[in-house]
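Contents: one structure, followed by commentary.
There are 2 protein chains.
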Amino acid sequence: MKVGDLPTPALVVDAEAFAYNLDTMAAALPGPRLRPHVKAHKTTALAREQHARGHHTFTCATPREVLGMARAGMGDDVLLANQCLDANRLRALADSGARVTVAVDSGATIIAAAANGIREVLIDVNVGMPRCGCPPDEAGRLADAARAAGLEVRGVMGYEGHVVGLEDATERSAQTRAAMDCLEVAHKLAGGDVISAGGTGTYAINTYATEIQAGSYALMDNAYDALALPFKRALAVVATVIHANAKFAVADCGLKALAMDHGNPSMTGADVWFCSDEHVTFAPHAPVAPSDRVFVWAAHVDPTIAKHDRMHLATAIDPDAEVVDSWPVDLRGWDVS
Amino acid sequence: MKVGDLPTPALVVDAEAFAYNLDTMAAALPGPRLRPHVKAHKTTALAREQHARGHHTFTCATPREVLGMARAGMGDDVLLANQCLDANRLRALADSGARVTVAVDSGATIIAAAANGIREVLIDVNVGMPRCGCPPDEAGRLADAARAAGLEVRGVMGYEGHVVGLEDATERSAQTRAAMDCLEVAHKLAGGDVISAGGTGTYAINTYATEIQAGSYALMDNAYDALALPFKRALAVVATVIHANAKFAVADCGLKALAMDHGNPSMTGADVWFCSDEHVTFAPHAPVAPSDRVFVWAAHVDPTIAKHDRMHLATAIDPDAEVVDSWPVDLRGWDVS
């Protein structure tokens, strides 16, 4: 099947660019130096490609992602880099057969983990972004509480999410260092071997962390593409032109197929005007006609993929390219049954 | 089960507000005066409530929605208010057993409909929003072409999508009239009994259309709630507090659970700071603690629902309220197999 024969809208992965991204990252951060973040793609078939390149440790944002990785046989060492207080879900992780480590940042999260069979934790530290994580100087107290509850404290994590997207590389480096200074304070207090941090925007400059939690590097998006990283945009949405006139055209790919939290998508050979639920209105640089295929590039990859039930690997982002594989986006939603 | 026992994040519908909205609309636009838009909820169980209140004609944005309505036994008269050039999908609609009417706005869409067994069409007219639809003065030519291709032209449609969200009611009325002036020109040229238009924001002021395509009225959202319409916000996302400190708190409901195209959500008893993939960071007005449930109100209802696989009806938007039903969001995605 050709890309131009896919029912639209559909996610298309440039297999070559994707492989280049994985190879580039595996060379920079081999094996356990990278703990690929599954939330970026929610696709066990894609994770298998990361696994095949030597990364056997994974990061997840939801219990469902962790369980899916365990069931897919990639549960050697999976980190839930998120707080969970749901007893049923924690119990499901504990019983999954996988080695599951859970982030904790409070007495409540420690108690929930210990009470539901979790054995290993990281102390999650706030390194500057107002989200989860304890203050650095509380990491020792929490580590003590976790150990007292019978948990193994593997170390600390602290995600510099306020830094990974900074376009100024010098500023990004300086702020990464400042964030990791916080994490160092916490690590000295909490102990353990693991210092987990980082993302696609800081994978090369965060030299303090023992492992980097990057995920977007595999497929990239317009936001990360602005950072001049050595990764290629590998994911587009293929759409069909359903209307064209002298001023603008419309394709069948709207905000139900594209994440809008980072703003409008871009298009190859066109200027995007706006998205509706099932439409993108755009000004093409050269005339298009109904039934033509066009390619739309999302501003933010993670939530874009989460809107689709599969992604198609192709030899290129081109209507005439061959579709070589089709992967279910099997870790969507939050259900752990 | 209580709302506070639902695994989070989860969609919760206030059953009373929902029934009020449906009753209010059925009184204002009884029976076929309303052609409820299925894209707003993608849920056949919800459509069944609209059907039970006398609305037996429906509007859909995707072939999948049309097929799902047909398979659910609500295919008396379903309009695909969107252009489709996909032969397989058009053929599936034609063979569905439902009475399916398709919007056409070009020679290409007419040829595709006629070639794949579609029998009835509406001429889609651009009434001011740059999306699909022919210029009003081309409606007659297209209607002639459709009839020459063997299609029954039931009338015209023209969605004043650029008007439905205007907060100034006077301006909304004036612009609705201007849009319907365009549609009147087209209708005189095209003929047919049906003049289909409108949305939740113009359901009461668009008195020209023979039928209104409103959908959001059933559950509402923050954007429409700003228009002082007689409908109540009936849908929230319930989330669990997973982190709390003296300055802010975090709950497990992020931009993978909430549409962001209309901006940030709001929260009951809190100011939202920002959303990440699986988190909302907020400043609560009164202290919250881990495991507390909070309610998040989406800016835009349609794409929010499309991120979830079910919605839960409850006696109130309250952790202690009873969950009385659970409906699958069964018309998501674009697959028609």
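Read top to bottom, the protein sequences are chains X and C.
In terms of numbering that gives the first Met the number 0, the first sequence opens at residue 0 and continues consecutively.
In terms of numbering that gives the first Met the number 0, the second sequence opens at residue 0 and continues consecutively.
Cβ coordinates follow ideal geometry from the N, Cα and C atoms, glycine included.
Output yes or no for whether 8 Å exceeds the beta carbon distance between residue i and residue j.
| i | j | result |
| --- | --- | --- |
| residue 318/X | residue 103/X | no |
| residue 192/C | residue 140/C | no |
| residue 174/C | residue 197/C | no |
| residue 180/C | residue 299/C | no |
| residue 239/C | residue 172/C | no |
| residue 112/C | residue 166/C | no |
| residue 241/C | residue 84/X | yes |
| residue 218/X | residue 12/X | yes |
| residue 162/C | residue 235/C | no |
| residue 9/X | residue 323/X | no |
| residue 42/C | residue 330/C | yes |
| residue 277/C | residue 260/C | no |
| residue 178/X | residue 127/X | yes |
| residue 58/X | residue 36/X | yes |
| residue 233/X | residue 16/X | yes |
| residue 119/C | residue 150/C | yes |
| residue 86/C | residue 66/C | no |
| residue 52/X | residue 28/X | no |
| residue 214/C | residue 201/C | no |
Do you know offhand how far residue i's Cα is from residue j's?
| i | j | result |
| --- | --- | --- |
| residue 64/C | residue 114/C | 21 Å |
| residue 183/C | residue 164/C | 22 Å |
| residue 369/X | residue 70/X | Limits of chain X in this structure are 0 at one end and 336 at the other, which puts residue 369/X out of reach. |
| residue 309/X | residue 190/C | 43 Å |
| residue 311/C | residue 56/C | 25 Å |
| residue 216/C | residue 230/C | 6 Å |
| residue 100/X | residue 282/X | 49 Å |
| residue 107/X | residue 243/C | 10 Å |
| residue 288/X | residue 195/X | 50 Å |
| residue 285/C | residue 313/C | 25 Å |
| residue 18/C | residue 293/C | 23 Å |
| residue 145/C | residue 74/C | 23 Å |
| residue 223/X | residue 138/C | 45 Å |
| residue 304/X | residue 258/X | 8 Å |
| residue 321/C | residue 33/X | 45 Å |
| residue 325/C | residue 335/X | 17 Å |
| residue 208/C | residue 82/X | 51 Å |
| residue 110/X | residue 132/X | 16 Å |
| residue 333/X | residue 4/C | 15 Å |
| residue 245/X | residue 80/C | 22 Å |
| residue 50/C | residue 185/C | 30 Å |
| residue 359/C | residue 31/C | Any property of residue 359/C remains undetermined from this structure, which presents chain C solely from 0 to 336. |
| residue 23/X | residue 203/X | 11 Å |
| residue 95/C | residue 72/C | 11 Å |
| residue 14/X | residue 316/X | 9 Å |
| residue 280/C | residue 280/X | 33 Å |
| residue 176/C | residue 88/X | 54 Å |
Which whole-angstrom value describes the C-beta separation of residue i and residue j, a residue pair presumed to lie in contact below a C-beta threshold of 8 Å?
| i | j | result |
| --- | --- | --- |
| residue 369/C | residue 306/C | Outside the displayed span of chain C (0 to 336) sits residue 369/C, for which this structure offers no information. |
| residue 272/X | residue 129/C | 6 Å |
| residue 54/C | residue 25/C | 7 Å |
| residue 148/X | residue 188/X | 17 Å between Cβ atoms; not a contact. |
Just grab the DSSP bridge partners of residue i for me.
| i | result |
| --- | --- |
| residue 324/C | 312/C |
| residue 274/X | 279/X |
| residue 59/X | 79/X |
| residue 265/C | 296/C |
| residue 154/X | 121/X and 193/X |
| residue 33/X | 211/X |
| residue 1/C | 321/C |
| residue 99/C | 77/C |
| residue 12/C | 234/C and 312/C |
List, in order along the chain, the chain B residues whose C-beta lies closer than 8 Å to that of residue i?
| i | result |
| --- | --- |
| residue 241/X | The chain inventory of the structure shown lacks chain B, comprising the protein chains X and C. |
Cβ pair count under 8 Å reaching 3, the stretch 121-132 of chain X against the stretch 155-162 of chain X: yes
Meets three-Cβ-pair contact criterion under 8 Å: the stretch 264-272 of chain C and the stretch 38-49 of chain C: no
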